[in-house]
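Novice: Take this structure, written in structure tokens, and hold onto it; I'll ask about it next.
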Amino acid sequence: MPEPQIEKAPEMSALLEGIAAGKATTQIIRENPRLAFRVNDIDTLRQTFLSEKYAEQNRAVEVQYIYGATGTGKTRGIYQRHGARDIYRVTNYRSGKGVSFDDYHGQDCDRV
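Here you go:
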């Protein structure tokens with residue numbers, strides 16, 4: 003990427019570098035409050051980079067099937083092992099159309 007002092011839009015350069023470095027959207031906004039109302043744009047950029055990255059390489063995926071009676075701590079156990087930000091929880095079970103992953107944004111742990 004171009005150096006920020008040479009770049010005509012150093013704010014945009016810093017944004018792209020922040021996304022590439024894996025910074026959270028909230029962290030980017032704290033560093034540059036002028037981007038506060040550009041959250042959707044930042045998230046779209048992030049998804050674009052991730053889509054490009056994983057179009058060419060596969061992630062190592064581990065699948066665990068957890069089952070048991072209601073109230074035995076299956077979900078609680080997942081939340082104890084993983085941070086809440088790292089969990090994608092499917093709550094949109096579309097009747098007859100399968101499970102929707104529309105809100106998935108690269109979280110490390112998926113709970114379906």
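Counting from 1, position 52 in the sequence shown corresponds to residue 54 in my numbering; the numbering is continuous, with no gaps.
Glycine included, each C-beta is placed from N, C-alpha and C at the ideal position.
Leu47 and Ile21: beta carbons closer than 8 Å?
Specialist: Yes, the Cβ-Cβ distance between Leu47 and Ile21 is below 8 Å.
Novice: Straight-line CA distance for Arg32 to Gly85?
Specialist: Cα to Cα, Arg32 sits roughly 21 Å from Gly85.
Novice: Please report the distance separating the alpha-carbon of Leu18 from that of Thr28.
Specialist: Approximately 14 Å, taken between the alpha carbons.
Novice: For Tyr56 and Arg91, what's the separation of their Cα atoms in angstroms?
Specialist: Cα to Cα, the separation comes out at about 21 Å.
Novice: Can you give the Cα-Cα distance for Arg87 and Tyr67, rounded to whole angstroms?
Specialist: Cα to Cα, the separation comes out at about 21 Å.
Novice: If you follow the alpha helix (DSSP H) that Arg78 is part of, which residue opens it and which one closes it?
Specialist: Its alpha helix (DSSP H) spans residues 76-83.
Novice: Taking just the CA atoms, how far does Val63 sit from Asp45?
Specialist: When rounded, the distance between both Cα atoms is 23 Å.
Novice: Kindly indicate which three-state DSSP category Tyr56 falls into: helix, strand or coil?
Specialist: Note: Tyr56 maps to helix in three-state DSSP.
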